[in-house]
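Visitor: Following this message is one structure expressed as structure tokens.
Below, the structure is given as structure tokens:
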């Protein structure tokens, strides 16, 4: 008898097609963590919905959650598709997988406008600094002065997609490293509870085109340089005992506890530095420092109480628009007759 | 100034009067508020029971450039624009000379008196074959305490009063029309009405009517409405169960969404006050169509309204919607291209592009409304078609239909229940295998009509999920690069377009065995119908077929073959409908002649008549 989760499903029920990415690709370990998150939280697969754009990262959408509706959209345009789906059915839990080319170049506009509208979804950027499917071009997040075997020297500064998110009005922004499975897992658990766009910018090395140790997007670099800002633990509101546990047992200043809108707690245990992700100015300063000194600082970079979601801003009825029946969709005959009299 | 001997109104006998059968042009400058004056005149004439049509020929500009508004009254009910207008209200100094020169002999020009007086006199063409009426605009307005920012707009009320007096509109009817225009707000009505009345009385006391043109009450607008095509489209969407509109502002489609917002209240839940309609202004047309496709995929009835440059940006998503089979609706209110083109002028130039939008082999069903009634009907029907065919449906309107006021029969309430197409619930899915003898696959055609069954995200069944992709896929929606799978898919999509023909509105035919056949689509209808009457009066009988949708119905080819000579009449430069006909036709088209205009203005019967008589004389 295989192990099952709280709703009686096996881990297999959250798996999908086998990956066709290069063996060792960082994206595969993230897909695994996505599977684990949904399985362990016991989320019914039909309550989820998944999206991606185009690129290696976006291909990985087919490699997790086979029992969940998925939409592999156009290059850089996943945010608009996810926005439309949210309007059609705001009760679904949405997760999107994008890449640095998808969100940082072709789709930078849609990325920022999705954040502005606060479309509730987990938005993962599998960031490897390079175009894989077209064989090794620099992406907009490639390091300044990086050298590539095929494309030479990169003279341009990188776009910091986490910084763009904070500046763009995101209310949940994290950075992680695909080699840090534990942290990725905890961030995913927090993000899925966020009632707004939750951005996870995950450094996810490309083993084929960008894994040389001097690249800040490589495994060797990540393993050597990752500095976690805190140790993260997420407690869902269902676990009352754990909740009391997370608020006690620590000395003042050692732990920051963030309570999310649905009662979920994120416990951030201090490591080397004092850092409060609820301070926007501090978050921006931190990313400036990380950029200047090429530090891989990971963890929850920024959190604030989410603004109303797009469906809330639009003041939509509680029933998903997709499920409305004729009587809600078509005004009565008298309404048209009255209008016709007014126009006569 | 006029040296022509003209009879006074009293002396003119009934035979020389021209009643309810002429056009006039109002020449003003853009942003001066003249639209209000023009709409008041149209509404007043409509209230008098006279068939009336107005067309706004405006510049791409906020303020200052010249603009013209033509109004036609027709006792015979004709609503097309005419090449010449007998009366010109020349209120724009910059264009006055050209405007005066455009008036046909025997016509009338109304202009501000002050242009010819004082130290700086405007040099205007001297014409002794038309009648000039000069009205002291400045002086009439100066008599009232009008706030300076309102003075220009109110000045345009002078010609309303003058037209009412000279050609016979009851001042009470003008007041009603003005009140309608201002939604009953007493203060603006009062401010404008005092100027109208002053002009009305000044003209009565100071001008002797010397022209033959008159309005007279009729009863031909009873049970009729006045509405723009864009507003009709919006009402169609509201009554068609549209739930998501995502858009980016672009002339001439903007008022489609403005009207959706205006009528959104009809879709408010009475208990909670919450809305069953989402309207999102996107960051560009690309995001707008992305939202529409995402919403359609997840089960909304979603649309966007745009124009040529917008559909250029939507091309990639249009191809995805076709190949991934996602219900969605695009209203293309066509303006003149290529490129930025003439953004405020009408065209039928997007026909081919819309029909085949997307790279690779793509065909989209296209609805072609010709009237505000059809704009409403196709407005709601488009969503049923999109859901039934699980594809992108275009509605190709144009600036003329969309932005001008049209007289119409009141709209008919949708006579069919809302159709959501082949959507499987969890229970349907459970019973699928028993019903069809095979397992369900998202792209598996079990009915033979090319349309497969779909499930919506959120369906609580272990087999409900599928993966939507623009990449090659097999019947089960699994990635496939096999040529067999690719061909099978495209074959099925072609089969689906055959099904589309059965569901899309058929062409309308008016045939009596004539040797000449006319084929057209959209707003050319008004000009063609009138030109056919003129031709018939000269003994040239014509049959007429108006195409109302693509893919083309077989009836069009049958009509083509049944006539000795066929003219395909359209308002684009390249003869795009004829190209579509040739695309779908194995028959010879040697007897078919393209009459393609594409001059950026609504087609006139004068043009159609001249083209056909010229061809027929050959």
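Residue numbers (the working numbering), protein chains in the order written: chain L, 155 to 498; chain C, 81 to 698. The beta carbon of each residue, even a glycine, is placed where N, CA and C say it ideally should be. Predicted model only: the values in this text are computed from it and were never measured.
#1: Can you look up residue 183 (chain C) in the DSSP assignment and give me helix, strand or coil?
#2: From residue 413 (chain L) to residue 419 (chain L), what does the alpha carbon distance come to, in whole angstroms?
#3: Compute every distance between the C-beta of residue 248 (chain C) and the non-hydrogen atoms of the ligand ADP, then say whether any falls below 8 Å.
#4: Which one of L:255, L:280, L:197 and L:391 has the shortest CA to CA distance from residue 332 (chain L)?
#5: Give, in chain order, every unbroken run of the beta strand (DSSP E) that is at least 3 residues long and sits entirely within the stretch 434-516 of chain C.
#6: Using a Cβ cut-off of 8 Å, pull out every chain L residue sitting near residue 262 (chain C), in sequence order please.
#7: Evaluate residue 157 (chain L) with the Cβ neighbour count: other Cβ atoms within 10 Å of its Cβ, from every protein chain shown; 16 or more gives buried, anything less gives exposed.
#8: Counting along the chain, where does the beta strand (DSSP E) carrying residue 642 (chain C) start and finish?
#9: Under the DSSP definition of a beta bridge, which residues are partnered with residue 192 (chain C)?
#10: Cutting at 6 Å between CB atoms, please list the residues of its own chain near residue 688 (chain C), excluding the five before and the five after it.
#11: Which full runs of the alpha helix (DSSP H) of 4+ residues lie inside the stretch 375-463 of chain L, going along the chain?
#12: Verify the CB distance criterion: does residue 89 (chain C) have a CB-CB separation below 9 Å to chain L?
#13: Compare the beta carbon distance of residue 300 (chain C) and residue 490 (chain C) with 9 Å and say whether it is the shorter of the two.
#14: Can you find a C-beta in chain C that's less than 9 Å from the C-beta of residue 331 (chain L)?
#15: Would you list, in sequence order, the uninterrupted alpha helix (DSSP H) runs of no fewer than 4 residues that lie entirely inside the stretch 204-288 of chain C?
#16: Less than 8 Å between the CB atoms is what I'm expecting for residue 127 (chain C) and residue 150 (chain C), so what's the real figure, rounded?
#17: Am I right that residue 261 (chain L) and residue 221 (chain L) are in contact with their C-beta atoms under 8 Å? What's the rounded C-beta distance?
#18: Rounding to the nearest angstrom, what Cα-Cα distance links residue 216 (chain L) and residue 540 (chain C) in this structure?
#19: Which residues bound the alpha helix (DSSP H) around residue 126 (chain C)?
#20: Under 8 Å, with one C-beta from each stretch per pair, do the stretch 553-564 of chain C and the stretch 230-245 of chain L reach the 3-pair mark?
#21: Just to confirm my understanding: we take residue 580 (chain C), look at its own chain, exclude 5 residues before and 5 after, and list those with CB closer than 7 Å. What are they?
#22: At which residues does the alpha helix (DSSP H) containing residue 341 (chain L) begin and terminate?
#23: So that I know if they touch, is there some Cβ in chain C lying closer than 9 Å to that of residue 220 (chain L)?
#24: Kindly indicate which residue of C:677, C:256, C:369 and C:110 has the alpha-carbon position closest to the one of residue 410 (chain C).
#25: Whole beta strand (DSSP E) runs in the stretch 132-160 of chain C with 3 or more residues, listed along the chain?
#26: Between which two residues does the alpha helix (DSSP H) harbouring residue 522 (chain C) extend?
#27: Within 9 Å (strictly less), CB to CB, does residue 472 (chain L) reach chain C?
#28: In whole angstroms, what separates the C-alpha of residue 189 (chain C) from that of residue 448 (chain C)?
#29: Leaving out five residues on either side along the sequence, give the residues of the same chain with a beta carbon under 6 Å from the beta carbon of residue 385 (chain C).
#30: Rounded to whole angstroms, what's the CA-CA distance from residue 265 (chain C) to residue 272 (chain C)? Just pull it up for me.
#31: So which residues of chain L does residue 373 (chain C) contact, with C-beta pairs closer than 7 Å?
#32: Residues of chain C with a CB under 7 Å from the CB of residue 462 (chain L): which are they?
#33: For the alpha helix (DSSP H) holding residue 270 (chain L), just list the boundary residues, first then last.
#34: In the DSSP assignment, find the alpha helix (DSSP H) that holds residue 359 (chain L) and state where it starts and stops.
#35: Smallest Cα separation from residue 553 (chain C): which of C:544, C:545, C:330 and C:564?
#36: Residue 553 (chain C) bridges to which residues according to DSSP?
Guide: Looking at the atomic coordinates:
#1: coil
#2: 5 Å
#3: With respect to small molecules bound, the structure shown includes none, and the ligand ADP cannot be examined in it.
#4: Comparing Cα-Cα distances from residue 332 (chain L) to each of L:255, L:280, L:197 and L:391, the minimum goes to L:280.
#5: 472-478 and 485-488
#6: Those within 8 Å of residue 262 (chain C) in chain L number zero; the least Cβ separation is about 15 Å.
#7: Burial call: exposed.
#8: Looking at the DSSP string, residue 642 (chain C) is not in any beta strand (DSSP E), and its letter there is neither H nor E.
#9: Note: residue 192 (chain C) sits in a beta bridge opposite C:215.
#10: 607, 608 and 611
#11: 394-401 and 434-446
#12: Its pLDDT being 44, under 50, residue 89 (chain C) is placed unreliably by the model, and the measurement read from it follows with that caveat. No, no contact with chain L.
#13: no
#14: no
#15: 217-222, 228-235, 237-247, 251-261 and 266-286
#16: In this structure residue 127 (chain C) does not touch residue 150 (chain C) by the C-beta definition: roughly 20 Å separates them, more than the 8 Å allowed.
#17: Not confirmed; about 27 Å, so no contact.
#18: 20 Å
#19: Segment 114-127, the alpha helix (DSSP H) holding residue 126 (chain C).
#20: Judged by Cβ distances under 8 Å, the stretch 553-564 of chain C makes no contact with the stretch 230-245 of chain L, as fewer than three pairs qualify.
#21: Within the same chain, residue 580 (chain C) has close Cβ partners 445, 469 and 631.
#22: 335-345
#23: yes
#24: C:369
#25: 132-137 and 146-154
#26: No alpha helix (DSSP H) contains residue 522 (chain C), which DSSP labels as neither H nor E.
#27: yes
#28: Those two C-alpha atoms are separated by around 38 Å.
#29: 327, 333, 336, 337 and 411
#30: 11 Å
#31: 235 and 238
#32: Under the 7 Å cutoff, chain C gives no residues; its nearest Cβ is about 13 Å from residue 462 (chain L).
#33: Secondary structure note for residue 270 (chain L): its alpha helix (DSSP H) is the uninterrupted segment 262-271.
#34: Counting along the chain, residue 359 (chain L) falls outside any alpha helix (DSSP H), and DSSP gives it neither H nor E.
#35: Comparing Cα positions, the closest option is C:564.
#36: C:559
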